[in-house]
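A short worksheet on the structure shown next.
Number of protein chains: 2
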Amino acid sequence: MNDKITSQHVTWHEPTVFRKDREKLNSHRSVILWFTGLSGAGKSTLAHAVEDHLHKNGFCTYVLDGDNIRRGLCRDLGFSEADRTENIRRIGEVSKLLLDAGVITLTAFISPFREDRQIVRDLVDEGDFIEIFCKADLAVCEARDPKGLYKKARAGEIPEFTGISSPYEEPENPELVLDTGTLGISECVDRIIRLLEKRKIV
Amino acid sequence: MNDKITSQHVTWHEPTVFRKDREKLNSHRSVILWFTGLSGAGKSTLAHAVEDHLHKNGFCTYVLDGDNIRRGLCRDLGFSEADRTENIRRIGEVSKLLLDAGVITLTAFISPFREDRQIVRDLVDEGDFIEIFCKADLAVCEARDPKGLYKKARAGEIPEFTGISSPYEEPENPELVLDTGTLGISECVDRIIRLLEKRKIV
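Going line by line, the protein sequences match chains A and X. If you read the first sequence in my numbering, its first letter stands for residue 1, the second for the next number, and so on. If you read the second sequence in my numbering, its first letter stands for residue 203, the second for the next number, and so on.
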C-alpha cells in the first residue's frame with residue numbers, strides 16, 4: 001500500500017484506536033462518577049478519596065472540579081443560571097472525552113439543576129454515567145462552610161448561591177445516595193467502590 | 203483519625219493523586235502533540251497514525267479533532283476569528299486536563315493563528331507542548347481536498363476559509379516541521395516517534 005497522504009487513502013483519516021482498545025490497555029472499564037450536592041456536602045473530598053483508592057489499585061483516574069475547571073476551561077463563565085448551565089454542559093463534554101480516553105472520571109460540582117445533569121447523562125451510553133448524590137442538610141453544610149462561602153452568601157456578597165438564593169434540585173433517580181451529613185468518608189468510599197464492583201467496572 | 207467529612211479535616215479536600223503519579227502508573231510521560239497546518243495537510247491522518255503506533259506499544263493516548271470537539275464541546279462556536287480563538291482556547295484547556303490525566307494528547311486542528319497557539323503553549327510547562335507543523339503547499343492541499351471544502355470555499359460557500367479567504371500563520375519555532383506534501387505517512391510517524399524518544403517521552 002502506498003502510504004502517501006492522499007484523498008485516495010481516506011481510511012487513514014479514520015481513528016483506529018477506540019475506547020474499548022484503551023479500556024483493554026488499561027485493564028478496566030471507564031465511567032463517569034458524577035458527584036452532585038450542596039457546597040460543603042463533601043463532593044470534592046469524596047471524589048479525591050475515591051480517586052486515591054482507585055489509583056492505588058492501578059486504575060486510570062481523573063477528577064474534574066472547580067480548581068481545574070473554573071480557572072481554565074470555564075474561566076469565561078460566571079454563576080448566572082445560563083452560565084451555570086453552560087458550565088455543566090462543558091464539563092459534561094469533557095467528561096465524555098475522558099470517558100472515551102479510557103479514564104475513570106470523577107466530577108465534583110454542585111450541578112444544582114436536574115435538567116443540566118440529565119443533559120450530561122444523555123451525552124453518554126446507559127451505564128456510563130453514575131450519579132452520586134451527596135446528601136447533607138443545608139444546616140450541616142452551612143455549619144461546615146469550609147470555604148466561608150455560606151457566610152458570604154448570607155451577607156449578600158454572593159448572588160445566586162445554591163441553597164441560599166438559588167435552588168438545588170435533588171436527583172430523582174441517582175445511582176447512589178450518600179448521607180454525607182452523617183457517614184464517614186471511608187464508609188462513603190466503600191459504598192462507591194462496592195457499586196463499581198457490582199457494575200463490573202473495578 | 204476521625205474520617206468524618208468536616209471542615210477540621212480540610213486536608214481531605216486536597217488531591218492526593220498528581221500527574222507524576224499517573225505517569226508512573228502508565229509507565230510513560232504525558233505530552234501534548236499539537237498538529238497545525240492547512241486543511242488537507244494531513245494533521246488528523248498523522249495524529250491517528252501516531253496514536254495507532256503509540257497505543258500498540260502500550261501508551262495511553264487520545265486524539266482531539268474536529269469530530270469529537272466541533273460536535274461536542276465547541277458546538278456553540280462558528281468560524282469567525284473570535285470563535286476560532288475561543289475554539290482553540292477550549293481545546294488547549296482540554297489538552298491541559300488530558301496532559302494532567304497522564305495521557306499523550308494529540309490535537310489535529312488548523313489552528314491558523316500564531317497567537318492562539320502561543321496561548322496554548324503558555325498554558326503548560328516547557329516541554330509539555332510539541333508543535334508539529336504539517337507543511338504542505340496550498341496547491342497540494344487543494345488538490346487533495348478530501349472533504350471537498352476547498353471547492354466550496356472557492357465557490358464562496360464557506361466564508362473565512364483558511365488559505366483561501368482567511369490567513370494561515372506559519373509557526374516560527376515549531377518543534378517539528380514535516381513536509382506532508384511529499385513525505386509518506388510512515389516517514390512522518392517515524393520522525394515524530396524519534397522526537398518523542400529524543401525527549402524521553404517514549
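Glycine included, C-beta positions come from ideal geometry on N, C-alpha and C. Note that this is a predicted model, so its numbers are computed, not measured.
Item to check | Of the listed residues Glu197(A), Glu170(A), Asp190(A) and Ile119(A), nearest to Ala41(A) (C-alpha basis) | outcome: It is Glu170(A) whose Cα lies nearest to the Cα of Ala41(A).
Checklist entry - According to DSSP, what are the bridge partners of Val31(A)? => result Ile104(A)
Checklist entry - What beta strand (DSSP E) runs, 3 residues minimum, are completely inside the stretch 59-89 of chain A? => result 61-65
Item to check | Helix, strand or coil at Ile207(X) according to DSSP, with G and I counted as helix | outcome: Residue confidence for Ile207(X) is low, a pLDDT of 42 falling below 50, so the modelled location carries little weight; the figure read from the coordinates is stated next. Ile207(X): coil per DSSP, three-state reduction.
Checklist entry - For chain A, is any of its Cβ atoms less than 7 Å away from the one on Thr218(X)? => result yes
Item to check | C-alpha distance - Tyr62(A) paired with Glu399(X), whole-angstrom precision | outcome: 26 Å
Item to check | Identified DSSP bridge partners for Val177(A) | outcome: Phe133(A)
Item to check | Rounded C-alpha distance that separates Ser229(X) from Phe261(X) | outcome: 8 Å
Checklist entry - In chain A, which residues lie with their C-beta within 8 Å of the C-beta of Lys298(X)? => result Gly72
Checklist entry - Based on the DSSP output, what are the partners of Thr16(A) in its beta bridges? => result Thr16(A) is not bridged to any residue.
Checklist entry - Does any residue of chain X bring its CB to less than 7 Å from the CB of Tyr150(A)? => result no
Checklist entry - Where does Pro361(X) land, buried or exposed, given buried means 16+ other C-beta within 10 angstroms? => result Exposed, because fewer than 16 other Cβ atoms sit within 10 Å of the Cβ of Pro361(X).
Next on the checklist: For the alpha helix (DSSP H) containing Thr384(X), name the first residue and the last one.
Outcome noted: Counting along the chain, Thr384(X) falls outside any alpha helix (DSSP H), and DSSP gives it neither H nor E.
Checklist entry - Does DSSP put Arg44(A) in a helix, a strand or coil? => result In the sequence under discussion, the amino acid at residue 44(A) is Ser, which differs from the Arg named in the question. Helix at Ser44(A).
Next on the checklist: What are the residues in the stretch 177-197 of chain A lying within 7 Å of chain X by C-beta distance?
Outcome noted: Thr180, Gly184, Ile185 and Ser186
Next on the checklist: Considering just the uninterrupted stretch of the alpha helix (DSSP H) at Leu38(A), what are its terminal residues?
Outcome noted: Segment: none, Leu38(A) is in no alpha helix (DSSP H) and carries neither H nor E.
Checklist entry - Asp21(A) touches chain X at which residues, Cβ-Cβ below 7 Å? => result What Asp21(A) touches in chain X, judged by beta-carbon distance under 7 Å, is His257, going in chain order.
Next on the checklist: Is Asp305(X) close to chain A? Criterion is C-beta to C-beta, closer than 7 Å.
Outcome noted: Inspection of the sequence shows that residue 305(X) is occupied by Val rather than by Asp. It does: the Cβ of Val305(X) has a partner Cβ on chain A nearer than 7 Å.
Checklist entry - Going by C-alpha distance, which of Val31(A), Phe18(A), Arg19(A) and Glu14(A) is nearest Gly127(A)? => result Val31(A)
Checklist entry - Exposed or buried, Pro369(X), counting other C-beta atoms within 10 Å across all chains shown (16 or more means buried)? => result exposed
Next on the checklist: In this structure, how does DSSP classify Ser297(X) when only helix, strand and coil are distinguished?
Outcome noted: Secondary structure of Ser297(X) (DSSP, three-state): helix.
Item to check | Chain-ordered neighbours of Thr162(A) on chain X, where CB pairs are closer than 7 Å | outcome: Chain X residues near Thr162(A): none, gap ~18 Å exceeds 7 Å.
Checklist entry - What is the rounded straight-line gap between the Cα of Asp324(X) and the Cα of Val94(A)? => result So the two alpha carbons sit approximately 21 Å from each other.
Item to check | CB-CB length for Val391(X) against Lys337(X), believed under 8 Å | outcome: Their Cβ separation, rounded to whole angstroms, is 16 Å, which puts Val391(X) and Lys337(X) out of contact at 8 Å.
Checklist entry - In chain order, what residues of the same chain have a beta carbon less than 8 Å from the beta carbon of Phe109(A), not counting five sequence neighbours either side? => result The beta carbon of Phe109(A) is closer than 8 Å to those of Phe35, Thr36, Lys43, Leu64, Asp65, Gly66, Ile69, Asn87, Ile88 and Ile91 in its chain, skipping five residues each way along the sequence.
Checklist entry - Going by the CB atoms, is the gap between Val305(X) and Ile394(X) shorter than 7 Å? => result no
Checklist entry - Nearest chain A C-beta to Asp254(X) closer than 7 Å, yes or no? => result yes
Checklist entry - Thinking just about the alpha-carbon of each residue, which of Arg29(A), Lys147(A) and Arg144(A) is nearest to the one in Asn200(A)? => result Here residue 200(A) turns out to be Lys, not Asn, going by the sequence shown. Proximity to Lys200(A) across Arg29(A), Lys147(A) and Arg144(A) peaks at Arg29(A), based on C-alpha coordinates.
Checklist entry - By how many angstroms is the C-alpha of Ser39(A) removed from the C-alpha of Thr182(A)? => result 16 Å
Checklist entry - Taking 7 Å as the CB-CB cut-off, is Glu295(X) touching chain A? => result yes
Checklist entry - So Tyr168(A) is in the alpha helix (DSSP H); what residue range does that whole segment cover? => result Where Tyr168(A) is concerned, there is no enclosing alpha helix (DSSP H), given that its DSSP letter is neither H nor E.
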